[in-house]
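Remarks on the structure that follows.
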Amino acid sequence: MDDTTIIPGPERQLKPHRLLRFLRQEILPTAFCPGCGCGTVLNAFAQAVDDLAIDPKDMVFVTGIGCSSWIPSPYFKGDTLHTTHGRPIAFATGVKIMRPDLKVVVIAGDGDIAGIGGNHLIHAARRNIDITVLMVNNWNYGMTGGQVSPTTPFGVPTTTTPYANVEHPLEAAELVAAAGANYVSRWTTYHVFPLMESIQTALQVEGFSFIEILSQCPVSYGKMVDMRKASDFLRYYRDQSVRAHKAREMSAEELD
Amino acid sequence: MLLQDTRVQGMIEINEELCKGCDICIDFCPLEVLAVSTTINRRGYYPPQVIKEEKCIGCRLCELVCPEFAITICNE
Amino acid sequence: MTQRQTRLQAFENRTLFLLGDEAAAYGALYAGCDFFAGYPITPASEIAEVMSRELPRVDGYYVQMEDELASISAVIGAVWAGAKGMTATSGPGFSLMQENIGYAIMTETPCVIVNVQRSGPSTGQATKPAQGDVLQARWGTHGDHEIIALAPSSVQECFELTVESFNLAEKYRIPVILLMDGEIGHLRESITFPPFDEVVREERRLADPDADCFGGEPVPPMSHFGEGRFIHVTGSTHKASGMRDVSTQSVHEKLVTRLCRKISDARSEITRVEQDVVDGARIGVLAYGATARPAQGAVLEARRQGCAVDFLRLITLWPFPEEAVRRLAGRVEMILVPEMNLGQISREVERFTSRPVVPISKIGGVAHTVDEVLAVILSNGARIESPVG
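Residue numbers (the numbering used here), protein chains in the order written: chain D, 1 to 256; chain P, 257 to 332; chain R, 333 to 721.
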């Protein structure tokens with residue numbers, strides 16, 4: 001690259017991003033990989049909080065272990081309980097019982113919420129306890145390098161399914177709805193506008209609200225399916241997603 | 257509110273030092289307002305640059321999708 | 333008068349005939365416990381049952397979680413939201429809780445975990461007592477850490493030591509394990525309730541707005557959610573502010589060393605023992621929990637038969653009362669340790685004396701009898717008097 005230049009000296013005066021005030025700015029940029037969907041989820045969440053004019057002082061974040069658990073911790077400036085793998089929903093239950101006036105939000109990944117934490121997910125939905133859970137589903141255990149997870153699609157190679165995944169994925173949103181949750185939705189990091197609105201609804205609905213967010217993992221997952229850029233995933237989400245009302249009219253083969 | 261601003265032309269603010277060169281904003285801008293720049297930032301990434309500012313309709317897709325809060329639309 | 337005071341006034345100065353489990357539950361209520369999350373398990377279920385009945389009457393909350401991991405998790409979450417929290421379980425559940433006990437230690441979350449020990453390993457003899465989790469209480473969770481564990485020997489002590497557990501938890505910002513055994517947990521005895529106002533309760537020390545909650549002093553002050561502090565609580569290694577830093581070696585060293593030393597440096601204030609010594613004793617009997625009762629009976633009978641024996645009952649198991657053990661070892665030539673396990677506290681005693689330590693083990697869910705312990709005392713006593721040449 002002959003004509004590249006390095007930006008010299010101090011930065012010019014920038015108009016600050018409206019949402020930066022919700023973040024612990026001193027530690028930006030994030031630790032997420034370039035193009036990781038986690039940052040998009042953080043963005044949509046901050047936008048939802050801004051639009052609803054929720055005071056972060058009235059929120060508590062509870063997260064688990066994994067890349068998605070870093071979405072609020074440490075980036076969102078709020079009371080945060082960063083717990084052990086699979087257990088944030090159980091911790092959140094204790095928080096909510098003692099402080100029902102606070103908005104308790106769990107943000108964690110598919111392995112955390114639907115794998116090791118599956119039992120807690122089901123019972124919280126059954127209890128219909130008033131917390132909001134964002135399950136960021138990147139189809140693998142990303143932080144540990146790309147092992148198969150309970151949501152990995154059938155037939156996909158991962159670091160622990162080198163001969164292709166022989167199991168079918170869990171349909172988390174359907175499971176949670178069946179268990180008794182008041183609000184369940186599924187969006188992707190491509191569909192940022194409806195995602196942001198869905199987060200607003202989830203925060204306002206009383207009872208258990210759950211959003212499954214399909215999110216790109218270009219590094220750990222992408223290397224195994226040869227989708228190494230975030231845009232590859234977003235195009236896939238755009239072209240392969242089917243809206244729920246349409247999906248109900250399709251056959252199982254079409255949906256596969 | 258965010259979705260009411262869609263018809264106002266925006267001024268695009270890019271914070272190059274927060275950018276990680278993922279190119280999502282460039283690839284998905286509906287009017288191809290952005291392109292990869294040739295100016296590397298401190299972390300070694302190539303941030304976007306505005307090439308067709310007059311085409312921007314202020315849809316804010318880039319702003320909302322950016323994983324690093326590196327791009328924002330300011331309405332005058 | 334608060335709801336709690338009103339409800340507990342009904343017990344003032346009354347003597348009731350209760351299970352050890354029930355006494356522990358009432359101890360929690362007297363201590364100010366307002367949150368219990370649990371899961372049924374023999375022989376601890378009665379604690380949950382009493383809490384579910386009484387907590388709503390004292391403006392507290394009971395929730396039955398889907399497993400023991402969820403129970404300890406919910407307790408920790410509730411504590412950070414302002415509660416004095418407790419859970420109760422037995423061996424299999426205690427094993428499940430280990431990871432989050434470590435989380436409570438690392439985040440300095442005050443809480444009480446009751447383990448009514450039963451015969452293990454694994455499902456073992458589910459309904460029979462044992463003392464097999466003593467070393468697990470000390471080392472069950474991974475990593476370098478300290479813990480506080482108490483062992484009651486009577487139903488009255490189940491009440492009193494539960495109150496003390498809550499107080500120690502608040503004072504040292506650490507989970508405290510009440511190591512009951514199924515023998516005491518399912519024993520019915522008389523217990524006299526003190527007036528509510530006479531019970532000493534340690535209140536949580538809360539931090540000023542700019543003070544750190546995870547460093548700066550041996551036991552830092554705490555803070556709760558919902559007060560605008562934006563407190564960050566994590567089980568990862570963290571700085572005094574609570575923010576994660578796993579890359580800097582000195583941060584980890586400083587944190588973990590402080591977490592351990594806040595307990596080990598305070599050993600003499602924390603540990604409690606009860607001793608009964610006589611002149612000329614050449615044998616000492618060291619016991620705790622349910623076993624302390626037949627052990628003490630054997631000691632008294634041995635003395636009646638002319639054998640001078642010292643008796644040391646451990647009330648605190650962890651941190652280990654090493655000073656008291658050293659003093660005993662300085663007086664006698666041999667220490668007998670009856671336990672309902674194959675030798676756990678006896679190993680710890682060995683660390684602090686070069687005198688022979690003789691475990692008197694009995695497993696299988698049946699407590700020691702006075703005669704069994706007496707026989708060992710007398711045979712060893714005879715050997716000391718007239719050693720084989």
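From the three backbone atoms N, C-alpha and C, an ideal C-beta is built for every residue, glycine too.
Quick caveat, the model's predicted, so the values are computed rather than measured.
CB contact flag (residue i, residue j, <7 Å)
i                : j                : result
Val689 (chain R) : Ile667 (chain R) : yes
Leu510 (chain R) : Gly352 (chain R) : no
Asn140 (chain D) : Ser220 (chain D) : yes
Asp130 (chain D) : Glu206 (chain D) : yes
Pro34 (chain D)  : Cys322 (chain P) : no
Glu386 (chain R) : Leu361 (chain R) : yes
Ile563 (chain R) : Ser555 (chain R) : yes
Phe525 (chain R) : Phe368 (chain R) : no
Asp642 (chain R) : Gly616 (chain R) : yes
Ala413 (chain R) : Val105 (chain D) : no
Ser215 (chain D) : Val136 (chain D) : yes
Tyr435 (chain R) : Glu400 (chain R) : no
Glu269 (chain P) : Arg298 (chain P) : no
Phe208 (chain D) : Ala92 (chain D)  : no
Tyr393 (chain R) : Ile97 (chain D)  : yes
Lys311 (chain P) : Val289 (chain P) : yes
Pro653 (chain R) : Leu660 (chain R) : no
Val605 (chain R) : Ala656 (chain R) : yes
Val583 (chain R) : Lys571 (chain R) : yes
Asn43 (chain D)  : Leu320 (chain P) : yes
Thr112 (chain D) : His85 (chain D)  : Strictly speaking, residue 112 (chain D) in this sequence is Asp, with Thr absent from that position. Yes, the pair counts as a contact, with Cβ atoms nearer than the cut-off.
Cys490 (chain R) : Ala406 (chain R) : no
Thr189 (chain D) : Thr40 (chain D)  : yes
Leu150 (chain D) : Ala114 (chain D) : Per the sequence shown, residue 150 (chain D) should be read as Pro rather than Leu. Cβ atoms of Pro150 (chain D) and Ala114 (chain D): closer than 7 Å.
Where residue i falls: helix, strand or coil (DSSP)
i                : result
Gly616 (chain R) : strand
Val565 (chain R) : strand
Lys594 (chain R) : helix
Ile65 (chain D)  : coil
Ser427 (chain R) : helix
Asn165 (chain D) : coil
Phe525 (chain R) : coil
Gly638 (chain R) : coil
Gly370 (chain R) : strand
Trp471 (chain R) : helix
Val702 (chain R) : helix
Ser485 (chain R) : coil
Cys315 (chain P) : coil
Leu42 (chain D)  : helix
Own chain, CB closer than 8 Å to residue i, minus 5 neighbours either side, in chain order
i                : result
Glu492 (chain R) : Gly359 and Pro484
Met59 (chain D)  : Val49, Gly78, Asp79, Leu102, Lys103, Val104 and Val105
Pro194 (chain D) : Trp187
Asp726 (chain R) : Nothing about residue 726 (chain R) can be read from this structure; chain R reaches only from 333 to 721.
Arg389 (chain R) : Gln335 and Arg339
Gly675 (chain R) : Val669, Pro691 and Ser693
Arg24 (chain D)  : Pro74, Tyr75, Phe76 and Lys77
Ile602 (chain R) : Ile480, Leu500, Tyr504, Ile595, Thr648 and Pro651
Ile373 (chain R) : Glu400, Thr421, Ser422, Pro424 and Gly425
Own chain partners of residue i with C-beta closer than 7 Å, once the 5 adjacent residues on each side are dropped
i                : result
Leu706 (chain R) : Ala630, Glu633 and Ala634
Gln430 (chain R) : Gly472 and Thr473
Trp650 (chain R) : Ala469, Arg470, Ile479, Ile480 and Ala481
Gly155 (chain D) : Ala164 and Asn165
Assumed close pair residue i, residue j - CB separation to whole angstroms, cut-off 8 Å
i                : j                : result
Asp542 (chain R) : Pro552 (chain R) : Actually they do not touch by this definition, with Cβ atoms about 13 Å apart.
Asn722 (chain R) : Arg87 (chain D)  : Given that chain R is displayed from residue 333 to residue 721, the structure contains no residue 722 (chain R) and the question cannot be resolved.
Cys217 (chain D) : Asn138 (chain D) : 4 Å
Arg590 (chain R) : Gly547 (chain R) : 7 Å
Beta-carbon proximity list for residue i, same chain, < 6 Å, skipping 5 on both sides
i                : result
Ala469 (chain R) : Ala481, Ile509 and Leu511
Leu500 (chain R) : Ile480 and Val508
Ala173 (chain D) : Val184, Arg186 and Glu212
Legend entry - contact_flag[the segment 575–587 of chain R, the segment 446–464 of chain R] where n(CB pairs < 8 Å) is 3 or more: no
Inset, instruction - Inspect the CB distances between the segment 333–351 of chain R and the segment 40–55 of chain D and report whether three or more fall short of 8 Å. - result: no
Inset, instruction - Say whether the segment 13–26 of chain D touches the segment 163–172 of chain D, bearing in mind that this needs 3 or more beta-carbon pairs closer than 8 Å, one atom from each stretch. - result: no
Inset, instruction - Kindly confirm or deny that the segment 445–453 of chain R and the segment 417–428 of chain R touch, where touching means at least three C-beta pairs closer than 8 Å. - result: yes
Legend entry - Given 8 Å, three or more beta-carbon pairs between the segment 469–489 of chain R and the segment 530–537 of chain R: no
Legend entry - the segment 139–154 of chain D / the segment 58–77 of chain D touching (three or more Cβ pairs under 8 Å): yes
Legend entry - Stretch-stretch touch, CB-based, cutoff 8 Å, three pairs: the segment 606–616 of chain R with the segment 670–679 of chain R: no
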